[in-house]
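A.B. asks: Questions regarding the structure given below will be posed in turn.
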Amino acid sequence: MIRLYHLTKTYGDLPALSDVSLHVAKGEFCYVTGPSGAGKTTLLRLIYGAIRPTAGKLLVGGVDVARLPRRRLPALRRNMGIVFQDFKLIPRRTVAENVGLALEVIGTPRELIQRRVAAVLGIVGLRGRGGEYPPTLSGGEQQRVAVARAIVNDPSIVLADEPTGNLDGAMAIEVMEILQAINLRGTTVLVATHDAALMKRFPYRVVRFEHGRKVSDG
Amino acid sequence: MKGTTAHILRRAARSLWENLYLNAVATGVIAAALLLMGVYLSVQYNVDRIVRTWNQDVHLSVYFKPDTPEDERFALRDRLAADPRVAAVRYVSEAEAATWLAEHVPDTAPVLAELGDDVLPASIEVTLAPPAADMDAAIASFAEEIRSPVVDSVDFGQQWTERFHAFLSLLKLLGAVLGTLILVAALFLVMNTVHLIVYNRRDELETERLVGATGAFIAVPFIVEGVVHGTLGGGLAAGGLWLVHRLVASRLQEAFGLALAGQLAFLPGSWLLLLSLAGVVLGVGAALVSVQRFLAQAP
């Protein structure tokens, strides 16, 4: 599903990722871990096309993302669910509108959006909270709204950047259980995290990065 | 399709409401630019109208040489009166010319009394029927035909006409340059205001982009906003123009009285429509440039 061949990304002279090769199979659950600055977020941003690699090849679902014209990026992203580290919720939109955004951009009818949003909010434990605004929610609740938005359109890949970073233990486990459930339905899940306890509790393949290099995989 | 249109309109309405102040500024800038354009067009339109009115009243003065016998003067008068291009002729003798000048410029009366009645030349005042086309050429050729050994000069204000036409050409050139500058300045101002609106919403637009929104999904509501800015700006400019017209027309008619009575007109509907269309083009153009600038930098 995701294939990296000798992928390198530099910012000026500073390497963020160096010569990384990786294959994440369809339906796999995979952690990307490492200390701050290891290149976890850079890897995810490369995968969803926010930045372009300096060298190497990156295939997502058979599509060469490095060579994808900008106008084709929306089509790539519509097949992905992304949980951003900073949530990227729109403060002036209600929870339901934030979650429904991923469906709105593909022209889903309003009634269907309402039904899907209600169902997904139920999954992340926010049933009946659709009319509230993100700034009135706790960090953990906002994180769950971000997860809900990432899964509302049944994507084939979910990318999550520190999805439990703002959550307490019980809430982090709930979010991981949601991601696990999505994965069990056949969705490829790639989680960037440095939470060792979580990786121990939900054991899956762990790819470790340090200073932009892949140092272990297994 | 119906759902998409409703969706676009809803998003545009929401953005207009949430950025009310900046949207009001964008509309105000368009209105101000169109008002300035409208004032220039009004001046142009009314000058053209007045010139057209003057063209209906084409007048020549044919001056005789001092020693021209009276029968030759009357012969020329009769010949001119019979010409189908002539609407009216009036013979003015030396004495009548002197009396007219003394009455209208009283300071000259003592000088005229001293010099005698025949100091001014006799003339025939000719009023031409309005020519069908190319008024200037028609008058010039008519004046040329009149010239004869008994005629000293034919005055049809050629020099004045040439100067006036040069002034009109300059006015048009100045208007075109000024209009272009106003439009460019307005486009720049509106573009920057719309850019501020886009900047204000950049987090939201970036998120939309990251969840798969196309450029069109992001741009079309801004285009609708541009249409609203332009239409409202056009309406405001038309209203402002009407007020300016009322104010200026009444002041000018007070100052010039009958000379301007009924000649100052408000711009016709088609011109106002064009002005509003210019506003829409301005609004949409500014929206397109600003959104394109955002999309080029968006992740």
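The listed protein sequences derive, respectively, from chains A and B.
So for the first sequence, the numbering used here puts the first residue at 914; every next one is plus one.
So for the second sequence, the numbering used here puts the first residue at 7; every next one is plus one.
No residue lacks a Cβ here, since even glycine has one placed at the ideal position from N, Cα and C.
Being a predicted model, the structure only gives us computed values, none of them experimental.
Which partner residues does L971 (chain A) have in the DSSP bridge list?
C.D. replies: For the purposes of this step, residue 971 (chain A) is taken as residue 58 along the first sequence, with counting starting at 1. DSSP output for L971 (chain A) lists A:L917 as bridge partner(s).
A.B. asks: According to DSSP, is V295 (chain B) part of a helix, a strand, or is it coil?
C.D. replies: As a first step, residue 295 (chain B) must be located in the second sequence, where it is residue number 289. Helix at V295 (chain B).
A.B. asks: What does Y913 (chain A) pair with, by DSSP beta-bridge criteria?
C.D. replies: Beyond the ends of chain A as shown, which are 914 and 1131, falls residue 913 (chain A); an answer cannot be given.
A.B. asks: Do you know offhand how far A1009 (chain A)'s Cα is from Y1046 (chain A)'s?
C.D. replies: Position 96 of the first sequence, counted from the start, is the residue given in the question as residue 1009 (chain A). Position 133 of the first sequence, counted from the start, is the residue given in the question as residue 1046 (chain A). Going from the Cα of A1009 (chain A) to the Cα of Y1046 (chain A) covers about 9 Å.
A.B. asks: Does chain A have any CB closer than 8 Å to the CB of A19 (chain B)?
C.D. replies: As a working mapping, residue 19 (chain B) is identified with position 13 in the second sequence. Judged by the 8 Å Cβ criterion, A19 (chain B) is not in contact with chain A.
A.B. asks: Which runs of the beta strand (DSSP E) spanning at least 3 residues fall entirely within the segment 112-181 of chain B, listed in chain order?
C.D. replies: Listed in chain order, they are 129-134, 157-161.
A.B. asks: Against chain A, with Cβ distances strictly below 8 Å, would G218 (chain B) count as a contact?
C.D. replies: The count along the second sequence starts at 1 and reaches residue 218 (chain B) at position 212. Interface residue, yes.
A.B. asks: Using the Cα positions of V92 (chain B) and A128 (chain B), report the straight-line distance between them to the nearest angstrom.
C.D. replies: For the purposes of this step, residue 92 (chain B) is identified with residue 86 of the second sequence, where counting begins at 1. For the purposes of this step, residue 128 (chain B) is identified with residue 122 of the second sequence, where counting begins at 1. If you take the alpha carbons of V92 (chain B) and A128 (chain B), they lie about 19 Å apart.
A.B. asks: Of the residues A:S934, A:I1086, A:G1043, which one's Cα is nearest the Cα of S1129 (chain A)?
C.D. replies: Within the first sequence, the letter at position 216 stands for residue 1129 (chain A). Measuring from the Cα of S1129 (chain A), the nearest candidate turns out to be A:S934.
A.B. asks: On the CB-based measure, 16 or more other CB atoms within 10 Å of its CB, does Q1056 (chain A) come out buried or exposed?
C.D. replies: Working through the first sequence from its first residue, we reach residue 1056 (chain A) at position 143. Label assigned to Q1056 (chain A): buried.
A.B. asks: Can you confirm whether E210 (chain B), when its beta carbon is compared against all beta carbons of chain A, has any partner nearer than 8 Å?
C.D. replies: The residue given as residue 210 (chain B) occupies position 204 in the second sequence. Chain A contact via Cβ: present.
A.B. asks: Look at A104 (chain B) and V125 (chain B) and say whether their C-beta atoms are less than 8 Å apart.
C.D. replies: For the purposes of this step, residue 104 (chain B) is identified with residue 98 of the second sequence, where counting begins at 1. For the purposes of this step, residue 125 (chain B) is identified with residue 119 of the second sequence, where counting begins at 1. Against a cut-off of 8 Å, the Cβ pair of V125 (chain B) and A104 (chain B) comes out as a contact.
A.B. asks: Give me the residue from A:A1105, A:H1124, A:P1048 with the minimum Cα distance to I1134 (chain A).
C.D. replies: Residue 1134 (chain A) lies beyond the stretch modelled for chain A, which goes from 914 to 1131, so this question has no answer here.
A.B. asks: Mark S175 (chain B) as exposed unless 16 or more other C-beta atoms lie within 10 angstroms of its C-beta, in which case mark it buried.
C.D. replies: Counting from one through the second sequence, the residue named residue 175 (chain B) turns up at place 169. Exposed, since its Cβ has fewer than 16 Cβ neighbours within 10 Å.
A.B. asks: For E214 (chain B), which residues in chain A fall below 8 Å Cβ to Cβ?
C.D. replies: Taking the second sequence and counting its residues from 1, one reaches residue 214 (chain B) at position 208. The contacting residues are L1014, V1018.
A.B. asks: Using a Cβ-Cβ cutoff of less than 6 Å, which residues in the same chain neighbour G994 (chain A) once the five nearest sequence positions on both sides are dropped?
C.D. replies: Counting from one through the first sequence, the residue named residue 994 (chain A) turns up at place 81. A1063, I1064, P1068, V1071, listed in sequence order.
A.B. asks: Closest Cβ-Cβ distance between P987 (chain A) and chain B: below 8 Å?
C.D. replies: If you number the first sequence from 1, residue 987 (chain A) lands on position 74. Yes, P987 (chain A) counts as interfacial toward chain B.
A.B. asks: Taking C-beta pairs closer than 7 Å, name the residues in chain A that P305 (chain B) reaches, listed in chain order.
C.D. replies: As a first step, residue 305 (chain B) must be located in the second sequence, where it is residue number 299. In chain order: A963.
A.B. asks: Using the Cα positions of E76 (chain B) and L184 (chain B), report the straight-line distance between them to the nearest angstrom.
C.D. replies: The residue labelled residue 76 (chain B) in the question sits at position 70 within the second sequence. The residue labelled residue 184 (chain B) in the question sits at position 178 within the second sequence. The alpha-carbon atoms of E76 (chain B) and L184 (chain B) are separated by roughly 56 Å.
A.B. asks: Buried or exposed: E210 (chain B), going by 16 or more other Cβ atoms within 10 Å of its Cβ?
C.D. replies: The residue given as residue 210 (chain B) occupies position 204 in the second sequence. Buried: at least 16 other Cβ atoms inside 10 Å.
A.B. asks: For G169 (chain B), does the count of other Cβ atoms within 10 angstroms reach 16, so buried, or fall short, so exposed?
C.D. replies: Here residue 169 (chain B) refers to the residue found at position 163 of the second sequence. Strictly speaking, residue 169 (chain B) in this sequence is Arg, with Gly absent from that position. With fewer than 16 other Cβ atoms within 10 Å, it is exposed.
A.B. asks: Residues of chain B with CB under 8 Å from I1003 (chain A), in chain order?
C.D. replies: The sequence position of residue 1003 (chain A) within the first sequence is 90, counting from 1. Within 8 Å Cβ-Cβ: D209, E210, T213.
A.B. asks: Let me confirm a value: R215 (chain B) is counted as buried when at least 16 other C-beta atoms fall within 10 Å, else exposed. Which label applies?
C.D. replies: Within the second sequence, the letter at position 209 stands for residue 215 (chain B). Buried, since its Cβ has 16 or more Cβ neighbours within 10 Å.
A.B. asks: Between the C-alpha atoms of L42 (chain B) and A192 (chain B), what's the straight-line distance to the nearest angstrom?
C.D. replies: Indexing the second sequence from 1 puts residue 42 (chain B) at position 36. Indexing the second sequence from 1 puts residue 192 (chain B) at position 186. Roughly 11 Å separates the two Cα atoms.
A.B. asks: Given that T10 (chain B) touches chain A, what residues does it touch there, using C-beta distances under 8 Å?
C.D. replies: For the purposes of this step, residue 10 (chain B) is taken as residue 4 along the second sequence, with counting starting at 1. The answer, in chain order, is G1020.
A.B. asks: Along the chain, which unbroken stretches of the beta strand (DSSP E) at least 3 residues long are found entirely within the segment 1018-1091 of chain A?
C.D. replies: With a minimum length of 3 residues, the continuous beta strand (DSSP E) runs that stay inside the segment 1018-1091 of chain A are 1070-1074.
A.B. asks: Along the beta strand (DSSP E) that carries A93 (chain B), what are the first and last residues, could you check?
C.D. replies: As a first step, residue 93 (chain B) is located in the second sequence; it is residue number 87 there, counting from the start. Residues 92-98.
A.B. asks: Straight-line CA distance for V57 (chain B) to L28 (chain B)?
C.D. replies: Along the second sequence, one-based indexing puts residue 57 (chain B) at 51. Along the second sequence, one-based indexing puts residue 28 (chain B) at 22. Those two C-alpha atoms are separated by around 43 Å.
A.B. asks: Does the beta-carbon of H235 (chain B) have 16 or more other beta-carbons within 10 angstroms, so that it is buried, or is it exposed?
C.D. replies: Here residue 235 (chain B) refers to the residue found at position 229 of the second sequence. The residue is buried, with at least 16 neighbouring Cβ atoms inside 10 Å.
A.B. asks: How do the segment 285-295 of chain B and the segment 224-240 of chain B stand: do at least 3 beta-carbon pairs fall below 8 Å, yes or no?
C.D. replies: Enough Cβ pairs lie closer than 8 Å, so yes.
A.B. asks: Just mark S1051 (chain A) as buried or exposed, buried being the case when its beta carbon has 16 or more other beta carbons within 10 Å.
C.D. replies: In the first sequence, the residue the question calls residue 1051 (chain A) occupies position 138. So S1051 (chain A) ends up on the exposed side.
A.B. asks: Out of A:D926, A:L930, A:V937, point me to the one whose CA is closest to A1118 (chain A)'s CA.
C.D. replies: Locating residue 1118 (chain A) in the first sequence gives position 205, counting from the first residue. The sequence given here places Arg at residue 1118 (chain A); Ala does not occur at that position. The option with the nearest alpha carbon to R1118 (chain A) is A:V937.
A.B. asks: Rounded to the nearest angstrom, how far is the Cβ of A39 (chain B) from that of I203 (chain B), given a contact under 8 Å?
C.D. replies: Here the question's residue 39 (chain B) lines up with position 33 in the second sequence. Here the question's residue 203 (chain B) lines up with position 197 in the second sequence. In fact, because the Cβ distance is near 18 Å, the residues do not count as touching under 8 Å.
A.B. asks: According to DSSP, is V933 (chain A) part of a helix, a strand, or is it coil?
C.D. replies: For the purposes of this step, residue 933 (chain A) is taken as residue 20 along the first sequence, with counting starting at 1. In this structure, V933 (chain A) counts as strand in the three-state DSSP scheme.
A.B. asks: Say whether chain A places a C-beta atom closer than 8 Å to the C-beta of G34 (chain B).
C.D. replies: Residue 34 (chain B) sits at position 28 when you count from the first residue of the second sequence. Judged by the 8 Å Cβ criterion, G34 (chain B) is not in contact with chain A.
A.B. asks: By alpha-carbon positions, which one of B:D113, B:V111, B:E102, B:L66 ends up nearest to S147 (chain B)?
C.D. replies: Translated into the one-based positions of the second sequence, residue 147 (chain B) becomes position 141. Measuring from the Cα of S147 (chain B), the nearest candidate turns out to be B:L66.
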